[in-house]
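**Q** My structure is below; once you've seen it, I'll send some questions.
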Amino acid sequence: MGHRHINPNPTMTHQLVEELGVFKPAPVVICDVGARGGVEPQWQAFGNQAQFIGFEPDRGECDLLNHRFSQQTSQNANAPAQQFYPVALGKRREHRQFSVCRYAGGSSFYPADMTFIQRFPAEHGQQLEVTHTLELETVSFDEFAQAECIPTIDFLKLDVEGCELDILQGAERVLQNGVLGLSLEVMFHDAMRHQPPFHAIDQFLQRRGFQLFDLETYRHARRTLDLPTESLSNTQIGQVLWGQALYLRDAVAAALSPTRKTDFDWTALRILKLAAFMELFNLSDCALEVLQTYQPQLESELNLAVIPLMQRLRTPYSQSKPPNLGIADSFTEANQTGSSALDSSKTPALTQRIKLESLLPPPKCYTRKPNFLAARELAALRQTIVNSPYLADNQLSEGFQDSRGFSVVFTRLGIEQVMEQFPAFTPYLTRVLKSACNAFYLNPLMLSAGATVAPHIDCSLGRYPQAMIIPTLVSVLYVQVPEDLTGGELVLRLGERPVAELPPETNTLLYFLGNVTHSVNPVKTRNCRISLVCEQYNLAPDVLQTIPKFALLWSGVAASHELVPSA
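Using the working numbering, the first residue of the sequence shown is number 44, and each one after it goes up by one.
Next up, the structure:
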């Protein structure tokens with residue numbers, strides 16, 4: 044589980060990192076406790092001006108994380124530093140019984156209360172069923188940090204299945220020395236695991252200078268209603284059971300209220316790191332308040348122009364005009380008749396159609412990365428697609444007119460098989476796949492003259508669980524864009540609101556959020572446009588089980604085919 048309200052385009056943070064390089068002297072240190080799956084994608088905003096430290100007691104998973112990082116380093120010397128430790132953190136050094144579940148991510152020092160869990164659908168209980176126990180030695184974060192010379196932590200993420208408060212109680216010095224923010228999974232009812240509930244964690248953190256800035260709640264329906272659900276971890280109805288909480292230090296309160304002064308040292312770099320965290324978690328108003336409050340200190344200590352940074356935070360809310368909604372004509376009528384008031388009977392849009400979201404500019408729900416692959420890597424990728432024996436009329440929906448391609452379905456466990464089958468895909472996959480995602484639908488796509496793609500939201504993996512599942516994000520790499528190409532723009536819409544119309548550019552990678560409606564304008568060229576599209580999903584365990592580890596899909600002369608190679 045993670046935060047859903049992440050800013051996809053933190054422009055102020057990008058300016059701090061890419062243009063000003065302000066964090067090079069003191070990189071942003073992010074610590075992930077319960078690091079299964081790897082670093083969350085939002086932290087890529089800090090580039091190589093970040094350092095990642097992780098703890099994962101599952102030694103096999105920890106070795107995999109360190110191996111993945113060594114591969115990234117060998118391919119990119121500027122990759123941010125990462126180190127994962129196979130250590131179980133706790134309140135103190137002691138031996139405890141660790142319950143291993145069928146679903147490895149549910150394993151914990153606090154086993155699930157099956158009497159309570161059995162009130163929910165059976166698959167929930169099956170996932171949290173304890174298969175065996177291990178005796179593990181825990182160590183406090185304070186002790187480990189001192190022994191291993193762990194640098195000052197800026198942001199701490201905890202996902203440890205009920206052990207959050209234990210770890211916090213063993214991290215007093217770590218928290219005091221510099222932590223600016225925390226993201227942690229919290230449970231509202233101790234009946235789930237008999238773990239410390241949310242209110243105990245909240246009281247602990249508030250006493251140490253942290254305030255709750257965001258709380259995303261999750262619920263699950265009881266088994267009394269046989270309802271189809273998109274995910275085991277969240278349903279539309281049901282009791283609120285757990286949540287994802289964001290805690291940050293309130294630097295403004297510390298500056299304005301003498302009674303709340305603390306020993307925490309608000310250096311200029313810490314102020315900028317806090318503002319960047321706020322922007323990442325869609326708290327631009329809070330980030331702006333921090334910069335306004337500390338502007339004199341930032342300008343004197345760092346000789347930094349703060350006003351352009353503040354403008355980056357304001358821009359999404361100030362540059363675009365509200366849509367007409369039928370209001371402009373009514374103002375014209377009022378002016379012509381000399382009336383100073385609107386006639387609400389002539390402007391039903393005022394009461395029926397105005398919504399807050401329609402008065403804001405469309406969100407920046409995409410990002411682009413030019414010059415993504417080396418020239419030889421791009422050429423090899425193109426050659427593999429063009430010469431593939433699976434290349435045929437596309438087996439996708441009727442919305443893909445006059446297109447050719449094939450599809451590769453795989454989970455995280457099948458990545459190596461994909462690379463063995465398509466070695467030229469390796470540089471692409473290594474850099475594109477997000478660690479927070481666990482299932483993927485890869486589609487080489489060729490569009491010839493006249494080809495077009497109708498508006499749609501991707502949900503290609505839904506064929507396996509027979510359910511509507513939407514990817515977390517979609518990536519598109521433009522492998523070949525002919526010089527004579529006209530048209531072929533990617534059109535993005537969020538609901539009814541236009542977001543962007545993006546012309547294709549060779550060797551440019553584009554990411555956009557999975558819930559964005561997109562289409563491709565008609566292609567005009569004597570050649571063909573080639574792209575590589577990857578839908579990236581973060582699936583619940585029960586849904587993930589329905590997805591093949593590795594499968595190929597393509598169309599033949601009279602039928603569609605699916606090949607699932609043996610392991």
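Just so you know, even glycine gets a beta-carbon here, dropped at the ideal spot from N, CA and C.
Keep in mind that this is a model prediction, so the values were computed, not measured.
How about leucine 575 and proline 487: do their beta carbons lie closer than 8 angstroms?
**A** yes
**Q** Once DSSP output is grouped into helix, strand and coil, what is the label at serine 150?
**A** coil
**Q** Under 8 angstroms, Cβ to Cβ, is there at least one residue of chain C near valine 203?
**A** The question asks about chain C, but that chain is absent: this structure has only one protein chain.
**Q** What residue does the beta strand (DSSP E) around serine 198 start on, and which one ends it?
**A** In the sequence on display, residue 198 carries phenylalanine and not serine. Segment 198–201, the beta strand (DSSP E) holding phenylalanine 198.
**Q** In this structure, does DSSP put glutamine 523 in helix, strand or coil?
**A** strand
**Q** So serine 431 and leucine 596 are in contact, right, with Cβ under 8 angstroms, and what is the actual spacing, rounded?
**A** No, serine 431 and leucine 596 are not in contact; Cβ-Cβ is about 12 angstroms, not under 8 angstroms.
**Q** Lysine 592 and glycine 457: beta carbons closer than 8 angstroms?
**A** yes
**Q** Using only the alpha-carbon positions, how far apart do tyrosine 471 and histidine 237 sit?
**A** 44 angstroms
**Q** For threonine 176, which beta-bridge partners are listed by DSSP?
**A** Ser142
**Q** Taking Cβ to Cβ, would you say glutamate 172 is nearer than 8 angstroms to cysteine 206?
**A** no
**Q** Rounded C-beta distance between tyrosine 409 and proline 514? I'm assuming under 8 angstroms.
**A** With 8 angstroms as the limit, tyrosine 409 and proline 514 do not qualify as a contact, their Cβ atoms being about 14 angstroms apart.
**Q** Got a sec, what are the start and stop residues for the alpha helix (DSSP H) alanine 122 sits in?
**A** No alpha helix (DSSP H) holds alanine 122; DSSP gives it neither H nor E.
**Q** Using a 10 Å radius around the Cβ and a threshold of 16 neighbouring Cβ atoms, would you call serine 113 buried or exposed?
**A** Exposed.
**Q** Taking aspartate 197 and isoleucine 73 to be in contact with their CB atoms under 8 angstroms, please state how far apart those CB atoms are, rounded to whole angstroms.
**A** 7 angstroms
**Q** Taking DSSP's pairing of strands, which residues face leucine 291 in a bridge?
**A** Gly224 and Gln254
**Q** Which residue's Cα is closest to the Cα of leucine 587: Glu204, Gly148, Ile350 and Ala492?
**A** Gly148
**Q** For asparagine 486, which of helix, strand or coil comes out of DSSP?
**A** strand
**Q** Reducing DSSP to helix, strand and coil, say where arginine 47 ends up.
**A** Coil.
**Q** Is it buried or exposed, alanine 583, if we count other Cβ atoms within 10 angstroms and call 16 or more buried?
**A** buried
**Q** Taking the alpha-carbon positions, what's the methionine 55 to alanine 318 distance?
**A** 9 angstroms
**Q** Count the CB pairs spanning the region 500–509 and the region 532–549 that are closer than 8 angstroms, and state whether there are at least three.
**A** no
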